[in-house]
Amino acid sequence: MFTTESRLVYRQPLPSDLQRLLEIFGDPQTNQFNPAGPLANVDAAQRLLDQWLQQWAAEGYGWWAIALREAPQFIIGFGGIAPLNYLTERRVNLGYRFAVQAWGQGYATEVARDALALAFETLGLPEVFGLVRPDHAASIRVLEKIGMQPFGLLDDVPGRAPSRVFRICHPTTAHA
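Going by the UniProt record's numbering, 28 is the number at position 28 of the sequence shown; the sequence numbering is gapless.
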(Lines of atoms letter the chains of each structure in order from A and count residues from 1; the text may use other names and numbers.)
(Lines give C-alpha, C1' and ligand atoms only; values in the text may rest on other atoms or scores of the structure.)
Protein backbone atom coordinates (compact mmCIF):
# COMPACT_ATOMS: atom_id res chain seq x y z
CA MET A 1 0.00 0.00 0.00
CA PHE A 2 1.29 3.44 -0.94
CA THR A 3 0.60 5.96 1.80
CA THR A 4 1.22 9.68 1.98
CA GLU A 5 0.24 12.44 4.32
CA SER A 6 -3.00 12.86 2.38
CA ARG A 7 -6.53 11.91 3.34
CA LEU A 8 -6.28 9.06 0.86
CA VAL A 9 -4.68 5.63 0.83
CA TYR A 10 -3.63 3.79 -2.29
CA ARG A 11 -3.05 0.16 -3.11
CA GLN A 12 -2.68 -2.07 -6.12
CA PRO A 13 -6.07 -3.14 -7.46
CA LEU A 14 -7.16 -6.65 -6.50
CA PRO A 15 -9.38 -9.18 -8.27
CA SER A 16 -11.92 -8.54 -5.49
CA ASP A 17 -12.25 -4.90 -6.69
CA LEU A 18 -14.13 -6.02 -9.82
CA GLN A 19 -17.63 -5.09 -8.63
CA ARG A 20 -16.56 -1.67 -7.33
CA LEU A 21 -14.69 -1.00 -10.57
CA LEU A 22 -17.85 -1.80 -12.54
CA GLU A 23 -19.95 0.45 -10.26
CA ILE A 24 -17.62 3.42 -10.83
CA PHE A 25 -16.63 2.88 -14.48
CA GLY A 26 -20.12 1.70 -15.46
CA ASP A 27 -21.81 4.85 -14.10
CA PRO A 28 -22.89 7.17 -16.95
CA GLN A 29 -22.16 10.22 -14.74
CA THR A 30 -18.50 9.25 -14.27
CA ASN A 31 -18.21 8.84 -18.04
CA GLN A 32 -19.73 12.18 -19.02
CA PHE A 33 -16.49 13.18 -20.78
CA ASN A 34 -15.43 9.68 -21.88
CA PRO A 35 -16.19 9.22 -25.60
CA ALA A 36 -16.19 5.43 -25.11
CA GLY A 37 -18.95 5.72 -22.53
CA PRO A 38 -19.48 3.63 -19.42
CA LEU A 39 -18.35 0.03 -19.13
CA ALA A 40 -21.20 -2.11 -20.42
CA ASN A 41 -20.92 -5.18 -18.22
CA VAL A 42 -18.83 -7.25 -15.85
CA ASP A 43 -16.81 -8.74 -18.75
CA ALA A 44 -15.66 -5.26 -19.81
CA ALA A 45 -14.76 -4.47 -16.20
CA GLN A 46 -12.82 -7.73 -15.96
CA ARG A 47 -10.84 -6.87 -19.10
CA LEU A 48 -9.93 -3.45 -17.65
CA LEU A 49 -8.96 -4.94 -14.29
CA ASP A 50 -6.86 -7.62 -16.03
CA GLN A 51 -5.09 -4.87 -18.01
CA TRP A 52 -4.29 -3.03 -14.77
CA LEU A 53 -3.02 -6.19 -13.07
CA GLN A 54 -0.79 -6.96 -16.07
CA GLN A 55 0.51 -3.38 -15.92
CA TRP A 56 1.42 -3.78 -12.26
CA ALA A 57 3.13 -7.13 -12.97
CA ALA A 58 5.14 -5.70 -15.88
CA GLU A 59 6.02 -2.23 -14.56
CA GLY A 60 5.65 -2.45 -10.77
CA TYR A 61 3.19 0.44 -10.75
CA GLY A 62 -0.12 1.44 -12.31
CA TRP A 63 -3.51 2.78 -11.37
CA TRP A 64 -4.29 2.54 -7.68
CA ALA A 65 -7.46 1.58 -5.89
CA ILE A 66 -8.18 4.69 -3.80
CA ALA A 67 -9.89 4.87 -0.42
CA LEU A 68 -10.23 7.36 2.40
CA ARG A 69 -7.70 6.92 5.19
CA GLU A 70 -10.53 6.51 7.73
CA ALA A 71 -12.33 3.88 5.58
CA PRO A 72 -9.54 1.98 3.77
CA GLN A 73 -11.76 -0.95 2.78
CA PHE A 74 -14.20 1.18 0.72
CA ILE A 75 -12.90 2.18 -2.71
CA ILE A 76 -13.97 5.69 -3.75
CA GLY A 77 -12.09 5.69 -7.04
CA PHE A 78 -9.19 4.51 -9.14
CA GLY A 79 -6.31 6.52 -10.52
CA GLY A 80 -2.63 7.29 -10.66
CA ILE A 81 -0.04 6.92 -13.39
CA ALA A 82 0.36 4.22 -16.01
CA PRO A 83 1.75 3.91 -19.53
CA LEU A 84 -0.89 4.71 -22.14
CA ASN A 85 -0.72 4.69 -25.92
CA TYR A 86 -1.30 8.19 -27.29
CA LEU A 87 -2.13 6.76 -30.71
CA THR A 88 1.35 5.62 -31.79
CA GLU A 89 3.37 7.03 -28.89
CA ARG A 90 3.54 5.41 -25.44
CA ARG A 91 3.57 7.90 -22.56
CA VAL A 92 3.18 7.79 -18.80
CA ASN A 93 -0.30 9.16 -18.29
CA LEU A 94 -1.95 10.57 -15.17
CA GLY A 95 -5.60 9.67 -14.79
CA TYR A 96 -8.35 9.14 -12.25
CA ARG A 97 -12.02 8.31 -11.94
CA PHE A 98 -14.00 8.73 -8.74
CA ALA A 99 -17.47 7.65 -7.65
CA VAL A 100 -19.90 10.56 -7.96
CA GLN A 101 -20.20 10.73 -4.15
CA ALA A 102 -16.48 11.59 -3.97
CA TRP A 103 -16.66 14.52 -6.40
CA GLY A 104 -15.98 18.10 -5.37
CA GLN A 105 -13.82 17.31 -2.35
CA GLY A 106 -10.36 17.81 -3.83
CA TYR A 107 -9.53 14.12 -4.14
CA ALA A 108 -8.55 14.36 -7.82
CA THR A 109 -5.98 17.05 -7.03
CA GLU A 110 -4.70 15.00 -4.10
CA VAL A 111 -4.28 11.80 -6.10
CA ALA A 112 -2.68 13.76 -8.94
CA ARG A 113 -0.08 15.31 -6.60
CA ASP A 114 0.62 11.94 -4.97
CA ALA A 115 0.95 10.26 -8.38
CA LEU A 116 3.48 12.91 -9.45
CA ALA A 117 5.44 12.32 -6.24
CA LEU A 118 5.58 8.62 -7.09
CA ALA A 119 6.56 9.36 -10.70
CA PHE A 120 9.35 11.79 -9.91
CA GLU A 121 10.60 10.98 -6.39
CA THR A 122 10.27 7.19 -6.41
CA LEU A 123 10.36 6.11 -10.05
CA GLY A 124 12.56 8.94 -11.37
CA LEU A 125 10.46 9.34 -14.50
CA PRO A 126 11.42 12.25 -16.78
CA GLU A 127 7.87 13.45 -17.50
CA VAL A 128 4.19 12.70 -16.99
CA PHE A 129 1.34 13.52 -19.36
CA GLY A 130 -2.35 14.14 -18.90
CA LEU A 131 -4.95 13.59 -21.61
CA VAL A 132 -8.27 15.40 -21.20
CA ARG A 133 -11.29 16.10 -23.34
CA PRO A 134 -11.40 19.82 -24.26
CA ASP A 135 -14.75 20.41 -22.53
CA HIS A 136 -13.79 18.77 -19.22
CA ALA A 137 -13.12 22.00 -17.31
CA ALA A 138 -12.81 20.38 -13.86
CA SER A 139 -10.03 17.99 -14.96
CA ILE A 140 -8.25 20.75 -16.85
CA ARG A 141 -8.24 22.79 -13.61
CA VAL A 142 -6.77 19.84 -11.70
CA LEU A 143 -3.95 19.43 -14.24
CA GLU A 144 -3.20 23.16 -14.15
CA LYS A 145 -3.31 23.19 -10.33
CA ILE A 146 -0.59 20.52 -10.12
CA GLY A 147 1.66 22.43 -12.52
CA MET A 148 0.98 20.66 -15.80
CA GLN A 149 1.32 22.81 -18.89
CA PRO A 150 -0.50 22.56 -22.23
CA PHE A 151 1.61 20.40 -24.54
CA GLY A 152 -0.54 19.94 -27.63
CA LEU A 153 -3.57 18.22 -29.03
CA LEU A 154 -4.28 14.57 -29.79
CA ASP A 155 -6.84 13.70 -32.46
CA ASP A 156 -7.88 10.52 -30.67
CA VAL A 157 -11.66 10.52 -31.10
CA PRO A 158 -12.76 10.41 -34.75
CA GLY A 159 -15.30 13.07 -35.59
CA ARG A 160 -14.82 14.92 -32.29
CA ALA A 161 -12.63 17.82 -31.16
CA PRO A 162 -9.09 16.65 -30.29
CA SER A 163 -8.16 15.91 -26.70
CA ARG A 164 -5.88 18.34 -24.91
CA VAL A 165 -2.48 17.02 -23.84
CA PHE A 166 -0.76 18.41 -20.75
CA ARG A 167 2.75 17.65 -19.54
CA ILE A 168 4.92 18.16 -16.50
CA CYS A 169 8.64 17.42 -16.46
CA HIS A 170 10.69 16.06 -13.59
CA PRO A 171 11.66 19.04 -11.46
CA THR A 172 15.37 19.75 -11.59
CA THR A 173 17.39 21.67 -9.08
CA ALA A 174 20.28 23.84 -10.16
CA HIS A 175 23.35 23.37 -7.99
CA ALA A 176 25.47 26.45 -7.34
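No residue lacks a Cβ here, since even glycine has one placed at the ideal position from N, Cα and C.
Owing to the predicted nature of the structure, the values given are computational and were not obtained by experimental measurement.
Handout entry: Alpha-carbon spacing of Gly147 relative to Arg141, whole angstroms
Key = 10 Å
Handout entry: Cβ-Cβ separation, Arg69 to Arg7 (assumed contact under 8 Å), whole Å
Key = 6 Å
Problem - Enclosing alpha helix (DSSP H) for Glu59 [first to last residue] - result: 42-59
Problem - Limits of the alpha helix (DSSP H) - the one that Ala137 falls within - result: Start and end: 137-145.
Exercise for the section: Compute the Euclidean distance between the alpha carbons of Ala82 and Leu21, then round it to the nearest angstrom. Expected result: If you take the alpha carbons of Ala82 and Leu21, they lie about 17 Å apart.
Handout entry: Distance between Val9 and Gln54 (C-alpha atoms, nearest Å)
Key = If I take the Cα positions, the gap works out to 21 Å.
Exercise for the section: Would you give the residue range spanned by the beta strand (DSSP E) that Gln149 belongs to? Expected result: Under the DSSP assignment, Gln149 falls in the beta strand (DSSP E) whose first and last residues are 149-154.
Exercise for the section: Locate the beta strand (DSSP E) running through Glu23, then write down its first and last residues. Expected result: Premise fails: Glu23 lies in the alpha helix (DSSP H), 18-25, not in any beta strand (DSSP E).
Problem - Contact set for Asp155: own chain, Cβ-Cβ below 7 Å, skip 5 residues either direction - result: Pro162
Exercise for the section: Would you kindly work out how many angstroms separate the C-alpha atoms of Gly37 and Ala117, rounded to a whole number? Expected result: 30 Å
Problem - Runs of beta strand (DSSP E) wholly within the region 52-130 (minimum 3 residues, chain order) - result: 64-68, 71-86, 89-98
Problem - Where the beta strand (DSSP E) through Val165 begins and ends - result: 163-169
Practice task
Mark Thr173 as exposed unless 16 or more other C-beta atoms lie within 10 angstroms of its C-beta, in which case mark it buried.
Solution key: Any reading at Thr173 must be qualified, since the residue scores a pLDDT of 47, below 50, and its modelled position is unreliable; no value is offered.
Exercise for the section: Rounded to whole angstroms, what's the CA-CA distance from Pro171 to Leu14? Just pull it up for me. Expected result: 32 Å
Problem - the region 54-66 in contact with the region 26-46 per 3-pair CB rule at 8 Å - result: no
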